[in-house]
Structures are given as C-alpha cells and as structure tokens.
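Q: Sending over a structure as structure tokens; questions will come in a sec.
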Amino acid sequence: MLTDRQLLILQVIIDDFIRSAQPVGSRKLSQNIPFAISSATIRNEMADLEEWGFIEKTHTSSGRIPSEKGYRYYVDHLVSPQELRKEDINKIHSIFSERLYELENIAQKSAQILSELTNYTAILLGPAVKENHLKSLQIVPLNDNRAVAIIITNTGHVENRLFTLPADIAAGEIEKLVNILNEKLSGIPISELRKTIHKEVVSLLKKNIERYDYFFKIIMETVDSPATERLFYGGKLNMLNHSEFNDIEKIRSFMDMIEEGEGIYELFKHAPRGINVKIGKENNNIMMEDCSLITTTYSIGDEDVGTIAILGPTRMEYSRVISLLDFLSKDMTLAMTKLYR
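Basically the working numbering = 1-based index in the sequence shown + 1.
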C-alpha cells in the first residue's frame, strides 16, 4: 500500500514524463511537488517506488521513467476524468450535426476527428453486417432491362446488386415482389435472411410472381452480403509524431499491422462495455509492447454495435483520452439510437 506522499510522487513523475518524454530526476520532481519535501526524502521515496517496480532507470539518464506496472497503477488509481474544452465538445458535436445517414460515414468522420483531438491513432470498429437487421429492400429499374436491388439495414448500411430484368416484366410485378419481401423480411437479422426466405417467402413468390425463380436467385445473391466488421481509421501516421516510434523497423512493423488490419481487429474485437485500458504487454502483441490501447463501445438503444479505440504510446494522456472516448461514445450512442430506432 503506497503512502499519500508516494502516490503524489508517482503521479508527478508520470504526469511529467507524459508531457516531456524526458526521465524525471529528484531535482525536477521537487520543483513540481506543491509543498516542500527534502531532496533526500524524495530520493528515498523514488528508491522505494523503483524497488517495487513502479518506476525504472533508463540507460542514458539518472532520472526515472514509469514502468508498465506504474502506468497500470496510475490508470487504475490516480487518473481522474478531465473536463473537456468547449472546442473539443463542439468538434465532437459537429460529427452528428450533418445529415449522415450511414453508420460508415459517421464512423469515418468520428475516427478522423478523434485522431485530430488526441494526436494518436483512432480506430472505430463498425458492426458486422450479419449482426444488423433488414430495414428495407428496394428494387429500382434503371432502364428497360437493368435494375438494382438495394438492401438497407437498421444501421444505415447499404448493399446493392445490379441485375438484368427479364424481358417484358411489368412494373406492377416488381412492386408486388418488393411488397412481399418487405412484409416478410423487415426486421429480420441479416444472418437469418436466407433461412427466412426459404421458409416464408419462396411459396409466396411461386404463387404471386411471374419468373419467380429468376427473382429468387437475384434476391439470394443480394442478401449474401459481407459478414465482416469494418475498421475505420483516423491518424494512421500520428504514431510517428511520438519519440517512442523513431526506430525505422518498429515503425515498419507497426504500419504493416495497421494496414493488414487483422492484428488490430484481434486486439479489441471483444472489447467490454465501458472504458477499458490495455497497457504494453497486456495487449499480447509484440508490436504493441510500447503502446496503450483504450477502448469503449457505442450502442443503438441497449445493443452494443461497435467499438471506439485510441492507440498511442504507453506515455499517453490517459485522462484526456478517457474523457474524449467517454463523451464520444455517449454522443454517438444517442445520435445512432435517434437515427435507427
């Protein structure tokens, strides 16, 4: 159990290192502590913190830097939410002031703005299409022999497929087909569309639609939409602005991981609800040992549909990032629920 003085010294060391990226010595520490403590006492307390694994020496300086254990204790016990500036709040609100009806557009703009506000890499994981529900299905004739089938999900995701219309098909037949499909399929999870079509729609098509076999094939091809989640990035190169990433090989490996996507996806595909912080080796990825990953989820109603993440060095402004993520998550959940419920 750390004493109040040790807690203060640890907090001042970490706060100073986050700001400066420079090891913190006892002289500098004494200047930042709000009351008088002798240099000898500070050195003794630092020695204890080092012995217990909260801070560590560097090879190039007599000062100390936070260890991974120190950051973990700092995040769990010493970080408090930071009051956001008015301009931060206005910038986040601006994401939802435009009439962006598709989740993809909202996610991309959110990632971009979040990266600008933090100077770190922002990543949003959109929901898998298979987890969405069908909102509507439309068939729009483009000319006498071409049409497009359009699926719209409850999150605004759109899938479409061009196809050739059978000769001499009446407009009334297309309208009748669309009505049947929407009556039977609206609200059904995308992952269950094929089963529902076979169970409830095929017999109605046979009974009511000319060339039902042709349209059945088109419909089945259209509902076979991608089932993978999408990653939306902001500030992919922001990590290059931080001193921890001045090694060319480290940068190359890190950028390969981001571009490939799968490694990033694995890091937070099962992120729990609420703010979650993983520091260094906790990420279980050798390329992330100098990084921290902070995640939270966003929802439509009570259903979590995606994840927001900030990726940065372990020397991260945790208080600010946590406050920004929490604010964006709540704003995004409110906006998405209004839009899609």
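No residue lacks a Cβ here, since even glycine has one placed at the ideal position from N, Cα and C.
How close, in whole Å, do the beta carbons of S40 and S27 come, if the pair is a contact with beta carbons under 8 Å?
A: Right, the Cβ-Cβ distance comes to about 5 Å (below 8 Å), so this counts as a contact.
Q: Under the three-state reduction of DSSP, which class applies to D305: helix, strand or coil?
A: In this structure, D305 counts as strand in the three-state DSSP scheme.
Q: Once you ignore the five residues that flank S137 on each side, which residues in its own chain have a CB closer than 7 Å to its CB?
A: Within the same chain, S137 has close Cβ partners I153, N183, S187.
Q: Residues in the same chain with beta-carbon distance under 8 Å from G281, minus the five sequence neighbours each way, listed in chain order, please.
A: Cβ neighbours of G281 beyond the five flanking positions: E69, Y72, M289, E290, D291, C292, S293, T315.
Q: Does DSSP put F55 in a helix, a strand or coil?
A: If DSSP states are grouped into helix, strand and coil, F55 belongs with coil.
Q: When DSSP labels each residue in this structure, what does R44 get in the three-state scheme?
A: Residue state, collapsed to three classes: helix.
Q: List in chain order: all unbroken alpha helix (DSSP H) runs of 4+ residues lying wholly within the stretch 184-259.
A: The qualifying runs are 194-197, 203-209, 213-224.
Q: Can you give me the Cβ contacts of F269 inside the same chain, cut-off strictly under 6 Å, excluding the 5 residues immediately before and after it?
A: For F269, where only same-chain residues beyond five positions count, the Cβ hits under 6 Å are T296, T308, A310.
Q: To which residues of the same chain is N33 closer than 7 Å at the C-beta, ignoring the five residues directly before and after it?
A: Closer than 7 Å at Cβ, skipping near neighbours: V13, D17.
Q: Residue ranges of each beta strand (DSSP E) run of no fewer than 3 residues wholly in the stretch 117-141, ordered along the chain?
A: Segments of the beta strand (DSSP E) lying fully in the stretch 117-141: 122-126.
Q: Would you identify the three-state DSSP class for L9, choosing helix, strand or coil?
A: In the structure shown, L9 sits in a helix (DSSP, three-state: H, G or I).
Q: In or out: M333 buried (at least 16 other Cβ within 10 Å) or exposed?
A: Classification for M333: buried.
Q: By a C-beta neighbour count over all protein chains shown, 10 Å radius and 16 as the cutoff for buried, is I147 buried or exposed?
A: Note that residue 147 is Arg in the sequence shown, not Ile. By the neighbour-count rule (16 or more Cβ atoms within 10 Å), R147 is not buried but exposed.
Q: Which partner residues does K279 have in the DSSP bridge list?
A: Paired residue(s): L294.
Q: Out of H271, P142, P67, K279, point me to the one whose CA is closest to G173's CA.
A: Cα-wise, what sits closest to G173 is P142.
Q: What are the boundary residues of the alpha helix (DSSP H) that F97 is part of?
A: First-last of the alpha helix (DSSP H) with F97: 87-98.
Q: Across which residues does DSSP place Y299 in a beta bridge pair?
A: Paired residue(s): G307.
Q: On the three-state DSSP scale, how would you describe L107?
A: Here residue 107 turns out to be Ile, not Leu, going by the sequence shown. Residue state, collapsed to three classes: helix.
Q: Label G302 either buried or exposed according to how many other C-beta atoms from any shown protein chain fall within 10 Å of its C-beta, with 16 as the threshold for buried.
A: By the 10 Å Cβ count, G302 comes out exposed.
Q: Would you call the stretch 86-105 in contact with the stretch 193-209, where contact means no fewer than 3 C-beta pairs closer than 8 Å?
A: As far as the Cβ criterion goes, the stretch 86-105 does not touch the stretch 193-209, which means the pair count is below three.
Q: Indicate the three-state DSSP secondary structure (helix, strand or coil) for N262 in the structure shown.
A: First, the amino acid is wrong: residue 262 is Gly here, not Asn. Of the three classes helix, strand and coil, the one that applies to G262 here is coil, per DSSP.
Q: Going along the chain, which residues of its own chain have a beta-carbon closer than 6 Å to the beta-carbon of K110, five neighbours each way excluded?
A: Answer for K110: I96, listed in chain order.
Q: Is the CB of R65 under 7 Å away from at least one CB in chain E?
A: Here chain E cannot be found, since the structure has a single protein chain.
Q: How long is the line joining the alpha carbons of Y299 and V25, rounded to whole angstroms?
A: Taking the straight line from one Cα to the other gives about 38 Å.
Q: Here's the rule I'm using: 16 or more other beta-carbon atoms within 10 Å means buried, otherwise exposed. How should D225 be labelled?
A: With fewer than 16 other Cβ atoms within 10 Å, it is exposed.
Q: Assuming E160 is part of the beta strand (DSSP E), what are its boundary residues?
A: Note, E160: beta strand (DSSP E), 159-165.
Q: Within its chain, find whatever has a CB closer than 8 Å to the CB of L8; leave out the 5 residues flanking it on each side and keep chain order.
A: Excluding positions up to five away in sequence, the list reads H78, L79.
Q: If L312 and Y121 are in contact, beta carbons under 8 Å, what's the gap, nearest whole angstrom?
A: Sure, about 6 Å apart at Cβ, within 8 Å.
Q: I need the straight-line Cα distance from G264 to M258, nearest angstrom please.
A: Their Cα atoms are separated by approximately 6 Å.
Q: Using the rule of at least 16 other Cβ atoms within 10 Å of the residue's Cβ for burial, across every protein chain shown, is L118 buried or exposed?
A: Buried, since its Cβ has 16 or more Cβ neighbours within 10 Å.
Q: Just the Cα atoms here: how many angstroms apart are R162 and S324?
A: The alpha-carbon atoms of R162 and S324 are separated by roughly 42 Å.
Q: In or out: T223 buried (at least 16 other Cβ within 10 Å) or exposed?
A: Answer is buried; the Cβ neighbour count reaches 16.
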